[in-house]
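Trainee: Here numbering that gives the first Met the number 0 is used: the first residue of the sequence shown is 0, the next is one more, and so on.
For glycine and all other residues, C-beta sits at the position ideal for the given N, C-alpha and C.
Note that the structure is predicted; figures quoted are calculated from it, not measured.
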Amino acid sequence: MRLEGKRAIVTGAGSGIGKAIASRFAQEGARVVIADIDLEAAEIVAKELGDNTKPYRVDVSKAEEVHKLINHVVDEWGGLDIMVNNAGVGVAATTTETSEEDFDRIIAINLKGTFLGMKYAIPAIRNSGGGSIINIASVAGLVGVPERAAYCASKGGIVALTRAAAIDHISEGVRINCICPGTVLTPWIERITANYPDPEAARAAMEARQPHGRFVMPEEIAAMAAFLASDEAGSIVGAAMVVDGGMTAK
Ligand SMILES: NC(=O)c1ccc[n+]([C@@H]2O[C@H](COP(=O)([O-])OP(=O)(O)OC[C@H]3O[C@@H](n4cnc5c(N)ncnc54)[C@H](O)[C@@H]3O)[C@@H](O)[C@H]2O)c1
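(1) Which same chain residues end up closer than 6 Å to residue 18 when comparing Cβ atoms and leaving out the 5 residues on each side of it in sequence?
(2) With respect to 6 Å, is the separation between the Cβ of residue 33 and the closest non-hydrogen atom of ligand 1 below this value?
(3) So, helix, strand or coil for residue 119, using DSSP?
(4) Please specify which runs of the beta strand (DSSP E), each continuous and at least 3 residues long, are wholly inside the region 96-141, giving them in chain order.
(5) Taking residue 16 as part of the beta strand (DSSP E), name the residues at either end of that continuous run.
(6) Taking Cβ to Cβ, would you say residue 2 is nearer than 7 Å to residue 21?
(7) Helix, strand or coil: how does DSSP classify residue 210 here?
(8) Between the region 64-71 and the region 164-171, do three or more beta carbon pairs fall short of 8 Å?
(9) Going by DSSP, which residues form a beta bridge with residue 177?
(10) Taking 6 Å as the cut-off, is the beta-carbon of residue 15 closer than that to any non-hydrogen atom of ligand 1?
(11) Which residues bound the alpha helix (DSSP H) around residue 54?
(12) Looking at C-alpha atoms only, which residue of 32, 121, 124 and 156 is the closest neighbour of residue 137?
(13) I want to check one thing, is the minimum distance from the CB of residue 59 to the heavy atoms of ligand 1 below 6 Å?
(14) Please confirm whether any heavy atom of ligand 1 lies closer than 6 Å to the CB of residue 85.
(15) Following the continuous beta strand (DSSP E) through residue 10, name the residue where it begins and the one where it ends.
(16) With 16 as the cutoff for other CB atoms within 10 Å, does residue 145 come out buried or exposed?
(17) Kindly confirm or deny that the region 240-248 and the region 119-139 touch, where touching means at least three C-beta pairs closer than 8 Å.
(18) Would you identify the three-state DSSP class for residue 35, choosing helix, strand or coil?
(19) Consult DSSP for residue 65 and reduce its assignment to one of helix, strand or coil.
(20) Just to confirm the assignment, what range does the alpha helix (DSSP H) spanning residue 223 have?
(21) Which residue from 95, 54, 94 and 124 puts its Cα closest to that of residue 77?
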């Protein structure tokens with residue numbers, strides 16, 4: 000129960016990694032808002048996780064919607080302790096193959112969405128006596144992953160923004176870090192491989208690129224998030240925590 004009494008928001012919690020983080024936070028004693036653009040998915044997750052969770056519809060790329068989400072939680076629960084900026088999208092394409100629309104959409108959701116999540120959560124967390132922000136970046140923010148140009152750019156931006164925000168706001172009691180997952184088994188994998196001529200082969204190649212021979216599990220990212228959100232991580236500030244089965248060690 001490392002997060003007992005804490006009030007948390009997890010964006011993109013209607014699926015995959017965000018859902019696993021929300022579940023782990025609830026198990027650790029936190030109250031959690033399951034925030035997602037897909038309200039139905041958020042409602043299903045909140046029902047599954049129980050009374051300490053609430054569904055909420057938000058598009059993280061829209062400033063007024065993110066601001067409303069933070070204000071809503073502060074009004075309902077009297078403050079905010081933990082913000083997880085997890086919502087994200089990707090497209091499999093090289094730089095020349097990427098359309099301008101796809102580039103703008105990926106940056107708007109992944110990078111600007113993380114910026115907005117921090118912009119409005121930092122004052123709320125500061126006014127609640129301090130807390131933690133966790134941004135979900137990717138190994139794609141640290142190394143070049145083939146055919147993920149716009150995605151790599153968005154995640155590299157999250158790593159850099161995490162560091163900048165961390166040093167700006169640690170004196171206010173807001174501890175900001177990011178997690179860089181490797182290839183995690185979520186519905187995302189099925190979606191991205193569906194666009195390849197041979198989806199089965201593409202999926203097997205994604206699994207094989209993990210040196211430990213298997214996909215990273217969403218629960219393993221949730222375990223890192225719970226640690227970063229807890230007081231045990233008190234000296235971890237502006238870090239990019241890699242959970243990738245050795246992918247970037249090669
Ligand atoms: N799966 C992986 O291999 C992997 C690896 C590294 C990083 N990540 C990152 O982890 C995060 C979660 O990925 P996942 O694999 O769980 O994906 P997922 O597709 O299973 O879940 C993403 C969730 O985000 C929501 N979402 C999308 N756009 C949104 C928006 N504009 N506003 C609010 N919610 C929105 C979706 O509805 C969905 O519920 C993403 O940021 C992704 O880049 C995933």
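Mentor: Looking at the atomic coordinates:
(1) The beta carbon of residue 18 is closer than 6 Å to those of 12 and 44 in its chain, skipping five residues each way along the sequence.
(2) Checking the Cβ of residue 33 against ligand 1 gives no.
(3) DSSP, read as helix, strand or coil, puts residue 119 in helix.
(4) The region 96-141 contains these whole beta strand (DSSP E) runs: 130-135.
(5) The continuous stretches of beta strand (DSSP E) do not include residue 16, which lies in the alpha helix (DSSP H) extending over residues 15-26.
(6) By the CB criterion at 7 Å, residue 2 and residue 21 fall outside the cutoff.
(7) Assigned with DSSP and collapsed to three states, residue 210 falls in coil, not helix or strand.
(8) Using a Cβ-Cβ distance cut-off of 8 Å, the region 64-71 and the region 164-171 are not in contact, since fewer than three pairs of beta carbons, one from each stretch, lie closer than that value.
(9) As computed with DSSP, residue 177 is found in a beta bridge with 134 and 239.
(10) At least one heavy atom of ligand 1 is nearer than 6 Å to the Cβ of residue 15, so yes.
(11) For residue 54, there is no enclosing alpha helix (DSSP H); the residue is part of the beta strand (DSSP E) that begins and ends at 52-56.
(12) It is 156 whose Cα lies nearest to the Cα of residue 137.
(13) Because some heavy atom of ligand 1 lies under 6 Å away, the Cβ of residue 59 counts as near it: yes.
(14) Residue 85 Cβ: within cutoff of ligand 1.
(15) Counting along the chain, the beta strand (DSSP E) containing residue 10 begins and ends at 6-10.
(16) It counts as exposed.
(17) Result yes; three or more Cβ-Cβ pairs closer than 8 Å.
(18) Under the three-state reduction of DSSP, residue 35 is assigned to strand.
(19) Residue 65 falls in the helix class under three-state DSSP.
(20) Start and end: 217-228.
(21) With distances taken between Cα atoms, residue 77 lies closest to 124.
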